[in-house]
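Here the protein sequences line up with chains E and R, keeping their order. To convert, note that position 221 of the first sequence is 221 in this note's numbering; the numbers rise steadily by one, no gaps. To convert, note that position 287 of the second sequence is 731 in this note's numbering; the numbers rise steadily by one, no gaps. All C-beta atoms, glycine included, are put in the ideal place defined by N, C-alpha and C.
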Amino acid sequence: MKKFLAVFLVLAMALSLAACGGAGTSSSQPAGGSSSGGETTGSKTAITLWTYPIGNWQKAETVDQFIAAFNAEYPDIEVTVEYLDYTNGDDKVTTAIEANNTPDIIFEGPERLVSNWGAKGLMVDLADLWDEEALADISAVSEAVVNACKGSDGVYYEYPLCMTAHCMAINYELFEAAGALQYIDQDTRSWTTDNFVKALQALKDYGQGINTIVYCGGQGGDQGTRALVNNLCSGTYTNADHTAYTANSPENIEALQLLADLNSQGLVTFDPGIQASEELQLFANGTAAMTLAWNASNEASYAEQVSFTPYAMNFPSDDGVAELCGGIWGFGIFDNGDDARIQAAKTFIEFIADNAEQGPASVAATGFFPVRASFGNVYEGTEDADRMATFASFLPNMGDYYNVIGGWTQQRTNWWNMLQEIGNGADVTTAANAFVEASNAEIA
Amino acid sequence: MASKRNNGSGGTSHALMVKETISAYLFLLPFLIFFVGFVLIPMVMCLRTSFFDSTMGRADIFVGLQNYVTMWNDEIFRKALLNTVIIVVVAVPTVTAFSLWVASVIYQMGGRLRSFYRCIFYLPVVTGTVAVTVVWKWMFNYYYGLVNYLGKTVGAIENNVNWLGNEKTALWCIILILFTTSIGQPIVLYVSALGNVDPSLVEAAEVDGATNLQTFWRIKWPQVMPTTLYILVITTINSFQCFALIQLLTSGGPNHSTDTIMYYIYYKAFKLFEYGYGNAMGVFLAVVIALFSAVQFLVAGKNNE
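Structure follows, in structure tokens:
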């Protein structure tokens with residue numbers, strides 16, 4: 001009897017575990033069928049979309065409208081949406097990948113879709129979406145966008161929707177009161193490194209406590225600190241073919257040393273306790289005189305909080321010509337092995353990103369700018385037209401989209417750790433060399 | 445006849461035993477399924493994966509003990525281990541001692557007052573970690589935090605201190621927050637344990653002229669020893685597994701000064717997809733916790749005999 005019971009228990013446990021579906025290894029090649037809620041039944045195909053918080057794409061009322069418009073034309077495709085955040089979104093996707101439970105469509109940028117998941121063979125080749133018309137239309141805006149959506153194997157893992165150039169912003173009234181406006185070129189919204197330093201001094205002399213914060217408490221908004229360092233002395237973050245990090249170049253070391261010196265003079269604050277979101281809050285409440293993490297979407301988000309004019313600016317550079325970090329967002333499809341769902345996902349992406357009526361609305365919801373020349377000015381005639389025209393003027397200054405380099409995830413941690421060390425008084429050259437050595441080692 | 449009766453009685457006894465055994469196993473079955481499925485098998489998988497170079501998107505590669513070798517040569521891991529040990533060594537005794545002190549003060553209070561204090565001290569436990577952390581983050585804020593405001597008001601500090609952004613203070617801030625969120629349960633347990641101390645023994649000791657201190661150490665302390673052992677073990681495990689505070693407050697910085705093994709496991713496994721390495725650290729942490737707990741059982745258990 002005892003043996004019978006033991007066998008029964010073992011069988012019961014084995015069956016229950018089989019039902020749990022735990023795979024024995026962590027190998028996560030897509031293996032047909034299983035995904036996060038999508039399925040094909042009869043003539044109806046259900047797909048899932050996971051979206052990071054990109055402008056109003058984090059709001060259900062906006063996305064639901066788009067899905068309703070899509071379903072009016074394609075009633076046989078049912079789209080379920082899940083909203084991710086930047087704090088836990090990556091972990092959620094990682095868990096889904098390991099559980100073989102990925103969504104069909106994901107909305108984010110090339111550093112995740114192309115360099116990360118695409119490079120790991122998890123994404124579908126979107127070459128058929130990139131037809132001649134799309135390629136010409138997107139190339140007309142930016143060749144960098146086209147290249148960013150391709151993996152190192154030449155496969156398109158992302159179909160882009162929108163783009164922006166990340167800039168910085170100053171508290172206009174504070175600058176005016178401190179007599180620091182003389183150091184910026186208001187026509188081009190640019191300034192030289194020398195004038196940036198003079199403006200910092202003017203602000204300090206005026207009594208401003210916190211000028212600008214080199215936030216390094218994590219990777220959030222690190223494009224701001226990268227852009228600041230790279231522009232001050234016209235350095236580059238990677239080499240031209242994105243095969244090596246160059247943060248220890250003489251130009252970058254000079255820039256980092258300048259920031260370290262400014263930190264010791266109390267003109268700049270290195271803060272290892274905060275990330276961009278907190279720095280933005282400090283700017284919005286008037287504590288900090290400028291922010292390094294500005295763009296059109298952030299301006300809209302903080303519009304009701306600020307009691308001054310947040311004046312968008314290029315980053316200071318030695319020659320006065322800044323190269324801004326770009327932001328590109330688009331769609332990718334996880335390879336779940338179900339052709340019907342992959343096709344349905346492509347249909348959805350085409351409708352959202354290419355449709356002459358829906359496309360501009362999809363872009364406008366992001367708060368950024370279209371990657372398609374044919375969409376023109378999607379904000380024309382809206383109350384945001386003037387505001388967005390300002391940010392559109394930064395687009396020509398968008399520099400190399402180096403985010404597609406290998407080891408991107410690892411280097412982000414190395415970067416803020418390096419800034420923490422420099423802010424703490426470490427030797428700049430040693431810290432920069434250590435950053436480059438560690439980051440280059442992660443390039444596959 | 446007697447023999448038949450015995451046989452009959454033995455048969456009944458055997459059938460009853462089988463019936464009870466089946467019932468017992470059936471009662472155990474749901475828990476067993478979950479225990480095996482969600483504890484034992486993951487533990488075995490964790491151990492197995494620790495011997496592989498395992499990452500996302502490709503098959504695992506057997507590397508033997510390489511992950512463990514890498515671990516010992518990893519400077520950040522050693523730093524995380526040191527930080528974790530500091531947290532445990534500081535937090536466990538202070539949490540236990542403070543809880544015992546508070547409990548010994550409040551357990552004799554009237555019902556309502558005792559409940560009030562239990563609620564107060566238990567509040568950080570039932571409040572979500574994220575909510576607690578957000579409040580602490582605000583209090584430690586470099587620019588407008590309450591701690592800096594109070595420090596400057598009473599003259600303890602001259603300028604604002606970046607509590608969470610300074611290598612010298614960040615870990616101690618983490619320990620302080622961990623302390624406040626860890627004392628709730630031990631206090632409740634101690635109040636309960638002290639309430640169960642046999643009053644006749646206490647009265648007898650007092651009649652014999654024992655002082656309050658003598659009564660506590662000679663009568664009460666031995667009787668709350670099992671509770672102390674439990675508190676030591678769970679506080680040790682919780683301290684070793686300190687993760688959420690680190691992730692929400694410092695991300696291991698500045699300069700890895702608040703990295704803990706748990707956070708480093710998360711970082712390696714979930715951010716860099718180095719599952720094999722992450723699991724190797726997980727196995728190491730489990731062994732260390734088991735050793736610490738065993739030592740506590742041995743020491744506290746011996747005193748308890």
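At a CB-CB cut-off below 9 Å, which residues of chain R make contact with residue i?
i, result
"Gln-410(E)", "Lys-715 and Leu-716"
"Leu-122(E)", "Met-500 and Gly-501"
"Thr-94(E)", "Met-500, Ala-713, Phe-714, Lys-715 and Phe-717"
"Ile-333(E)", "Within chain R, no residue comes near Ile-333(E); the closest Cβ sits about 16 Å away, beyond 9 Å."
"Ile-210(E)", "Tyr-587"
In its own chain, which residues sit with a C-beta less than 6 Å from the C-beta of residue i, not counting the 5 before and 5 after it?
i, result
"Ser-498(R)", "Asp-504, Tyr-719 and Gly-720"
"Cys-233(E)", "Glu-251, Glu-254, Ala-255 and Asp-318"
"Leu-729(R)", "Ile-705"
What is the rounded straight-line gap between the Cα of residue i and the Cα of residue j?
i, j, result
"Glu-602(R)", "Leu-689(R)", "28 Å"
"Phe-308(E)", "Ala-178(E)", "14 Å"
"Met-487(R)", "Asn-723(R)", "10 Å"
"Cys-617(R)", "Ile-274(E)", "15 Å"
"Leu-203(E)", "Phe-175(E)", "7 Å"
"Leu-395(E)", "Ala-535(R)", "52 Å"
"Thr-287(E)", "Tyr-215(E)", "14 Å"
"Ala-547(R)", "Leu-657(R)", "15 Å"
"Asn-195(E)", "Gly-320(E)", "9 Å"
"Ser-457(R)", "Thr-655(R)", "56 Å"
"Ala-389(E)", "Pro-360(E)", "16 Å"
"Gly-235(E)", "Ala-199(E)", "22 Å"
"Ala-303(E)", "Val-632(R)", "48 Å"
"Phe-495(R)", "Met-725(R)", "11 Å"
"Gly-32(E)", "Thr-528(R)", "In this predicted model, Gly-32(E) has a pLDDT of only 38, less than 50, meaning its place in the structure is not dependable; the value taken from the coordinates is given anyway. Cα to Cα, the separation comes out at about 42 Å."
"Gln-257(E)", "Gln-305(E)", "34 Å"
"Gly-381(E)", "Phe-283(E)", "30 Å"
"Thr-409(E)", "Lys-715(R)", "7 Å"
"Thr-164(E)", "Ile-705(R)", "38 Å"
"Ala-134(E)", "Arg-372(E)", "8 Å"
"Val-79(E)", "Met-313(E)", "40 Å"
"Gln-58(E)", "Ala-127(E)", "27 Å"
"Ala-431(E)", "Val-574(R)", "33 Å"
"Tyr-402(E)", "Asp-241(E)", "9 Å"
Leaving out five residues on either side along the sequence, give the residues of the same chain with a beta carbon under 7 Å from the beta carbon of residue i.
i, result
"Met-445(R)", "In this prediction, Met-445(R) scores a pLDDT of 43, lower than 50, which makes its location untrustworthy; the coordinate-derived value is nonetheless stated afterwards. Closer than 7 Å at the Cβ level, and outside the excluded window around Met-445(R), lies no residue."
"Tyr-451(E)", "The structure shown does not extend to residue 451(E), since chain E is modelled only from 1 through 444, so no value can be given for it."
"Ala-260(E)", "Ile-422 and Val-428"
"Ile-54(E)", "Phe-107, Trp-329 and Thr-366"
"Val-145(E)", "Ile-138, Pro-160, Met-163, Ile-328 and Val-371"
Of all Cβ atoms in chain E, is any one closer than 7 Å to the Cβ of residue i?
i, result
"Asn-699(R)", "yes"
"Gly-554(R)", "no"
"Leu-608(R)", "yes"
"Tyr-587(R)", "yes"
Please tell me whether residue i has its Cβ less than 7 Å away from any Cβ of chain R.
i, result
"Asp-125(E)", "no"
"Gly-218(E)", "yes"
"Gly-32(E)", "With a pLDDT of 38 at Gly-32(E), under the threshold of 50, the predicted position of this residue should be treated as unreliable, though the coordinate-derived value follows. Not an interface residue."
"Thr-287(E)", "yes"
"Lys-204(E)", "no"
"Gly-337(E)", "no"
Which residues of chain E have a Cβ atom closer than 8 Å to the Cβ of residue i, listed in chain order?
i, result
"Gly-599(R)", "By Cβ distance, chain E contributes nothing, its closest Cβ being about 20 Å from Gly-599(R), past 8 Å."
"Glu-611(R)", "Asn-424"
Check whether the Cβ of residue i sits closer than 6 Å to any heavy atom of the ligand MN, and report yes or no.
i, result
"Ala-365(E)", "Absence of the ligand MN from the depicted structure is noted, as is the absence of any ligand whatsoever, leaving it without description."
Can you pull the chain R residues whose beta carbon is under 7 Å from the beta carbon of residue i, in chain order?
i, result
"Ile-97(E)", "Met-500"
Take residue i and list the residues in its own chain whose beta-carbon comes closer than 8 Å to its own, dropping the five residues that flank it on each side.
i, result
"Gly-218(E)", "Gln-275 and Trp-416"
"Gly-220(E)", "Tyr-86, Gln-275, Ala-276 and Ser-277"
"Phe-375(E)", "Gly-359, Pro-360 and Val-363"
"Gly-118(E)", "Gly-151, Val-155, Tyr-157, Glu-158 and Gly-332"
"Ser-26(E)", "Note that Ser-26(E) scores a pLDDT of 34, beneath 50, so its modelled location is shaky and nothing firm can be said."
Quick one: which chain R residues come within Cβ less than 8 Å of residue i?
i, result
"Leu-282(E)", "Tyr-587"
Between the stretch 416 to 437 of chain E and chain R, which residues of the former have a C-beta closer than 9 Å to a C-beta of the latter?
Within the stretch 416 to 437 of chain E, those residues whose Cβ lies closer than 9 Å to any Cβ of chain R are, in chain order, Trp-416, Asn-417, Gln-420, Glu-421, Gly-423, Asn-424 and Ala-426.
Could you list the residues in the stretch 258 to 272 of chain E with a C-beta less than 7 Å from some C-beta on chain A, going in chain order?
The question asks about chain A, but that chain is absent: this structure's protein chains are E and R.
Note down, in chain order, all residues in the stretch 687 to 711 of chain R with a beta-carbon under 8 Å from any beta-carbon belonging to chain E.
Taken in chain order, the members of the stretch 687 to 711 of chain R whose beta-carbon sits within less than 8 Å of a beta-carbon on chain E are Thr-694, Ser-695, Gly-697, Pro-698, Asn-699, His-700 and Tyr-711.
Any C-beta of chain R within less than 8 Å: which residues of the stretch 59 to 92 of chain E qualify?
Listed by position, the residues of the stretch 59 to 92 of chain E near chain R (Cβ gap below 8 Å) are Asp-90 and Asp-91.
Between the stretch 495 to 522 of chain R and chain E, which residues of the former have a C-beta closer than 7 Å to a C-beta of the latter?
Near chain E, meaning a CB-to-CB distance below 7 Å, the residues of the stretch 495 to 522 of chain R are Ser-498, Met-500, Gly-501, Arg-502, Ala-503 and Asp-504.
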